[in-house]
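Below: the structure, in structure tokens.
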Ligand code: AMP
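In my numbering, the protein residues as written are 22 to 366.
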């Protein structure tokens, strides 16, 4: 948890000495900060050693702000939390007339997830995957107002299948979200937004083994891996990736796009046997960016992991560093860590 090793890395990157204080508040910090000369850098210890940080305790924020003239926040990934270091301290600095600004990374996040998607070059195609409809439904709802097409993959797609009356076998589904899925389908139809669901899947039979994973849950072995174009999943099987027909259809949509937003893998991509769909859309997004000049914005989390694994990270326009923060921002929520800034560009 200590930031001490970070001080060394920061020193290497900056090419200058970085002092480190083993606390983030208090006399020692104030003294060390007070002795800084222009150009000196001091890194304070991890604020999360104090419970007051996550509680956004006003007295703690005051203590943090004691050594600050201005406040710069570059932690977009934590901006959806109103903590003392992301929100409280900014308020204290602002009250004193100090500037509260976005750092360069934060500025880029706000530009790409905000401005670029506010007025996207069209067609604007959104690719959404991942495990749960419940995590992404607000994003889906908001993007149905903005995009020309939504392409759905991952386990999330099977809750939509359930909503269409198909059998989903042992696929990961959220039966209590069927109504939400139906509402999204109806909204897409009403607004004339293309809403693509998988036309085929890679399915397999999950079998519990005696082995336990890190969380103590039985490791699942997947047997009889095959492509199925039957919208009804076999009773003993689970859908684990989009199939080749779906890949072709999604790649064609992506190739015609001028703006692409991608969040969430197309399948259980951590297992090589179910990574083809995610890898293929990653390639399609990279190609559209490189060959057609499309702007591609990757909404953080597992899609970033998948792109990096496929060594395509530098072939897209922007990869968000936020997970939860990116999603909340895409939902249109005001992030407390962003709201606290007076200067965002
Ligand atoms: P999320 O955090 O909601 O973006 O979900 C990402 C996780 O969903 C990854 O760990 C994927 O392995 C998992 N996932 C995606 N598709 C499936 C699927 N069809 N079945 C099971 N897990 C999946």
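Just so it is clear, CB atoms sit at the ideal spot from N, CA and C, and this is done for glycine as well. No experiment lies behind these values; they were computed from the predicted model shown.
Just how far apart, CA to CA, sit residue 260 and residue 287? 11 Å
On the CB-based measure, 16 or more other CB atoms within 10 Å of its CB, does residue 104 come out buried or exposed? Residue 104 comes out buried.
Measuring alpha carbon to alpha carbon, tell me which of 346, 79, 223 ends up nearest residue 179. Of the listed residues, the one whose Cα sits closest to residue 179 is 223.
Proximity winner among 214, 191, 151, 129, relative to residue 171 (alpha-carbon distances): 214
With 16 other Cβ atoms within 10 Å as the buried cut-off, status of residue 35: exposed
Given this structure, state the Cα-to-Cα distance separating residue 65 from residue 113, to the nearest angstrom. 18 Å
Length at least 4, wholly inside the region 127-196: the alpha helix (DSSP H) runs in chain order: 154-164, 177-184
Does the ligand AMP have even one heavy atom less than 8 Å from the beta-carbon of residue 329? no
Since residue 121 sits in a beta bridge, which residues does DSSP pair it with? 92
Among residues of its own chain, excluding the 5 on either side of residue 202, which ones have a beta-carbon nearer than 7 Å to its beta-carbon? 154, 180, 181, 184
Using a 10 Å radius around the Cβ and a threshold of 16 neighbouring Cβ atoms, would you call residue 141 buried or exposed? The Cβ neighbour count for residue 141, taken over all protein chains shown within 10 Å, is at least 16; the residue is labelled buried.
For residue 319, which of helix, strand or coil comes out of DSSP? strand
Looking at residue 341 and the ligand AMP, is the gap between the Cβ and the nearest heavy atom below 8 Å? no
Take every Cβ of the region 185-195, pair it with every Cβ of the region 259-278, and state whether three or more of those distances are shorter than 8 Å. With the cut-off at 8 Å, the region 185-195 and the region 259-278 touch.
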